[in-house]
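Heads up: the structure comes next, in structure tokens.
2 protein chains.
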Amino acid sequence: MTSRTTAPTDALPDEPAREWTIAEVAQEFGVTHRTVRHYEELGLISPERRGTRRVYHRRDRTRLALVLRGRRLGFPLEEISRIVNMYDEPPGEQGQLAYLLGQITDRRRDLEQRRRDIEDSLQELDELERRCRRDLSALEPASP
Amino acid sequence: MTSRTTAPTDALPDEPAREWTIAEVAQEFGVTHRTVRHYEELGLISPERRGTRRVYHRRDRTRLALVLRGRRLGFPLEEISRIVNMYDEPPGEQGQLAYLLGQITDRRRDLEQRRRDIEDSLQELDELERRCRRDLSALEPASP
DNA sequence: CCTTACGTTGACGTCAACGTCAACCGTTCC
DNA sequence: GGAACGGTTGACGTTGACGTCAACGTAAGG
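Protein chains in written order, with our numbering: chain A, -10 to 133; chain B, -10 to 133.
Right, here's the structure in full:
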């Protein structure tokens, strides 16, 4: 009940190995089942197949949360794919690791730029609000 | 020379009323002329028309900068349109102002959510980098 | 056994944000 | 004066991120 859509970032120790259907994850994350399947087509998540049905585990939910955060930030899904795959690759050899470090640097630069953009936007919003309130109080000096 | 694409946020006092061609603004802002025209079709900028040619003024550059910042943040252009139009509307009457204040609140909420997402992402990147460097130093204890 | 609910696979549709191309116009410069 | 250059207007193409629809499978409940 902490957030509007049930905030499924949980890892409750009492549920040892829960499983979820597509309808459950879709609803909990506030997306359609089509979106979930689309992400699977792009390799962003790969749920277990039990017969023909998809079975989602905590791992899938973790990845989906990462994907949706990337989406909120406006990243294209292909880039998101590379990002989430950075996180659960095996340690790898030195070339891989150096490459990964480079990717990390790039991503950090990008995110820091975005943060600056956001700070600037917020500041300008503050300014605009001040002007707005000033104009408003100029219209009616006493609140009716 | 502060940024890669000449950072055209200037307002040099020595140039009293400069004008720009589409090629100039496109190059300085790092977009194509098609993009600039597209933004005009959507009403995001409205350059002067001298005969058939477009003539851009500081006002257009200011708006374009706002638009591109919104784009970097991943906002859809339609939403960006509403945002930039918030900034240079006339003061308006009390209903308008109240509405505007509501919009400001909404935008702020959105931006703050994004900022949280970015902070989280940056933290996780830090973690990943630490793991990465640890793995790397485990491979070659002395740098060759 | 039949319905109902949920799930699955294509496959086509859509919408935003441009890219690309053709055809054309107006200066300018040799 | 004509060729090159930059600009303009359609108009169609493309890509990403899904929406939507049809047709079908299957497990559960009455």
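All residues carry an ideal CB built from backbone N, CA and C; glycine is no exception.
On a predicted model such as this, the values are computed, not experimentally measured, just so you know.
Taking the C-beta atoms as reference points, Leu111(A) is found nearer than 7 angstroms to Leu100(B). Taking a beta-carbon distance threshold of 7 angstroms, Pro79(A) does not count as an interface residue toward chain B. Going by C-alpha positions, Arg96(B) is about 13 angstroms away from Tyr76(B). Note on the region 25 to 75 of chain A: whole beta strand (DSSP E) runs with a minimum of 3 residues are 37 to 39, 42 to 44, in chain order. Taking a cut-off of 8 angstroms for Cβ pairs, the region 55 to 72 of chain A and the region 21 to 38 of chain A touch, as three or more such pairs fall below it.
Residues Ile34, Pro36 of the same chain have their beta carbon placed closer than 6 angstroms to that of Asp49(A), with the five preceding and five following residues left out of the count.
Listed along the chain, the chain B residues whose CB falls inside 7 angstroms of the CB of Gly63(A) are Leu62, Gly63. Comparing C-alpha distances from His46(A) to each of Arg61(A), Thr94(A), Ala6(A), Val73(A) shows the shortest one belongs to Ala6(A). Straight across, the Cα-Cα distance linking Trp9(B) with Arg103(A) is about 28 angstroms. Between Leu62(B) and Ile107(A), the beta carbon gap of about 7 angstroms places them in contact (Cβ cut-off 8 angstroms).
Here the alpha carbon of Ser126(B) sits roughly 24 angstroms from the alpha carbon of Arg98(A). If you draw a straight line from the Cα of Gly91(A) to the Cα of Arg38(B), it comes to about 46 angstroms. Residue burial is scored here from C-beta neighbours: Leu89(A) has at least 16 other C-beta atoms within 10 angstroms and is therefore classed as buried. His27(A) sits away from Ile11(A), with the two beta carbons spaced by 7 angstroms or more.
Under the Cβ distance rule, Ser110(A) counts among the residues neighbouring chain B, one pair being separated by less than 7 angstroms. Note on geometry: alpha-carbon atoms of Glu17(A) and Ile72(A) lie some 23 angstroms from one another. Distance check between Arg122(B) and each of Gly81(A), Asp124(A), Glu113(A) places Gly81(A) closest, using alpha-carbon atoms only. Each residue's CA atom was taken as its position, placing Asn74(B) and Val44(A) some 47 angstroms apart. Nothing from the region 18 to 31 of chain A brings a Cβ to less than 8 angstroms from some Cβ of chain B. Nearest Cα to Arg119(B) within the set Thr94(A), Asp109(A), Leu128(A): Thr94(A). Take Arg52(A), set aside five residues on each side of it, and the residues of its chain with a beta-carbon closer than 6 angstroms to its own are Ile34, Val73, in chain order. Following the DSSP letters along the chain, one finds Gly84(B) inside the alpha helix (DSSP H) bounded by residues 83 to 128. Its Cα nearest to that of Leu128(A), the residue Gly84(B) stands out among Gly84(B), Leu117(B), Thr41(B). Counting along the chain, Ala6(A) sits inside no alpha helix (DSSP H), nor does DSSP assign it H or E at all.
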